[in-house]
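Numbering (the working numbering), first residue to last: 2 to 261.
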């Protein structure tokens, strides 16, 4: 409670909503995304790496520099411009903090809505024109690593970023809830782009969670046949049959494993 009081008495709501959210996003994103870069460079945890191929140090460096540019000159201005809409819908930083049941229900709503919007937006980006002119930048890395999760054309950042902010924009949550959503969403997208499937990966424990293996397939297959368009969960791809290639591959791998 003391830290909450310090924040709301020393910073304006605008400062907390914009700079606070930006700092949290950058901190969580780079702290969770850089380990997979280190793993690739050192060969650490190589037995858990999904693809044998690794990215070059130049590819890592290019990705990091572009990300910093996009975050400062695309993400931050968009966050600033969208603040009035969030404020209008009820975003607040004042006490009391929301009840845990409210936070939990909002998180669930955000994940479901984000997955739905992301699926259709992502699927649209795999049409010929949009892929060639927009989405191909994200697919420059056929072997993804954590930081590639936000490596994309500015138009895609706006296009799919909408999926992330639509839930909070509709509900006008407490700022603490918004920060928690940002943290969870960043950790999720970094994990699925990590290129590693660890024994402790969430996909091994959470039903319907796609995980790194599910999304890695999407990156290494030709864009017209890739499928696996979902953001977090797998049910949208299952419902619309866009995971058939992945399922066939997994079944084949399982059969080969039994025979060997």
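By construction, the Cβ of each residue, glycine as well, lies at the ideal position given by its N, Cα and C atoms.
- Considering only the beta carbon of each residue, do residue 184 and residue 211 sit closer than 8 Å? No, these two residues do not count as a Cβ contact at 8 Å.
- Task: Use the C-beta contact count for residue 1: other C-beta atoms within 10 angstroms, 16 or more gives buried, fewer gives exposed.
- Result: Residue coverage of the chain in this structure runs from 2 to 261, which leaves residue 1 outside it and unanswerable.
- Query: Any chance the segment 138-149 sits against the segment 23-37, with 3 or more Cβ pairs inside 8 Å?
  - Reply: They touch, by the three-pair rule.
- Task: Leaving out five residues on either side along the sequence, give the residues of the same chain with a beta carbon under 7 Å from the beta carbon of residue 132.
- Result: 126 and 224, listed in sequence order.
- Message: Just to confirm before moving on: does the CB-CB distance between residue 49 and residue 194 stay below 8 Å?
- Response: Residue 194 sits away from residue 49, with the two beta carbons spaced by 8 Å or more.
- Message: I need the straight-line Cα distance from residue 55 to residue 69, nearest angstrom please.
- Response: Those two C-alpha atoms are separated by around 22 Å.
- Message: Within the continuous alpha helix (DSSP H) that includes residue 73, where are the two ends?
- Response: That residue, residue 73, is in no alpha helix (DSSP H); it is neither H nor E in DSSP.
- Message: If you measure between the beta carbons of residue 176 and residue 17, is that distance less than 8 Å?
- Response: Yes, the Cβ-Cβ distance between residue 176 and residue 17 is below 8 Å.
- Query: Do the segment 151-159 and the segment 63-79 make contact, defined as three or more Cβ pairs closer than 8 Å?
  - Reply: They touch, by the three-pair rule.
- Query: Closest by CA to residue 189, which one among 160, 158, 159 and 231?
  - Reply: Out of 160, 158, 159 and 231, 231 has the C-alpha closest to the C-alpha of residue 189.
- Query: Using a Cβ-Cβ cut-off of 7 Å (strictly less than) and excluding sequence neighbours within five positions of residue 161, which residues of its own chain qualify?
  - Reply: Excluding the 5 residues flanking it on each side, residue 161 has same chain C-beta neighbours closer than 7 Å at 119, 122 and 123, in chain order.
- Spell out the partners DSSP gives residue 210 in its beta bridges. According to DSSP, residue 210 bridges with 234.
- Roughly how many angstroms lie between the CA atoms of residue 164 and residue 136, to the nearest whole one? Here the alpha carbon of residue 164 sits roughly 16 Å from the alpha carbon of residue 136.
- 8 Å CB neighbourhood of residue 239 in its chain, flanking five on each side removed: Excluding the 5 residues flanking it on each side, residue 239 has no same chain C-beta neighbour closer than 8 Å.
- Message: I'd like to confirm the pairing. Which residues does DSSP put opposite residue 247 in its beta bridges?
- Response: The partner list for residue 247 (beta bridge, DSSP) is empty, contrary to what the question assumes.
- Under the three-state DSSP convention, the category residue 50 falls into: In the displayed model, residue 50 falls within a strand according to three-state DSSP.
- Limits of the unbroken alpha helix (DSSP H) element including residue 226: Residue 226 -> no alpha helix (DSSP H), and no H or E assigned at all.
- Message: The alpha helix (DSSP H) that contains residue 186, what's its start and end?
- Response: 176-193 is the span of the alpha helix (DSSP H), which, as asked, contains residue 186.
- Bounding residues of the alpha helix (DSSP H) (the contiguous stretch that carries residue 130): From DSSP, the alpha helix (DSSP H) with residue 130 extends over 129-134.
- Where does residue 152 sit, in a helix, a strand or coil, going by DSSP? Secondary structure at residue 152: coil, using DSSP grouped into helix, strand and coil.
- Query: Just reading off the alpha helix (DSSP H) that residue 18 is part of, what are its end residues?
  - Reply: Element bounds for residue 18: n/a, residue is neither H nor E.
- Query: Starting from residue 203 and walking both ways along the alpha helix (DSSP H), at which residues does that stretch end?
  - Reply: Counting along the chain, residue 203 falls outside any alpha helix (DSSP H), and DSSP gives it neither H nor E.
- Item | residue 220 and residue 134 closer than 8 Å at C-beta | Cβ atoms of residue 220 and residue 134: not closer than 8 Å.
- Rounded to a whole number of angstroms, what is the C-alpha to C-alpha distance between residue 171 and residue 13? Residue 171 and residue 13 have their C-alpha atoms spaced approximately 22 Å apart.
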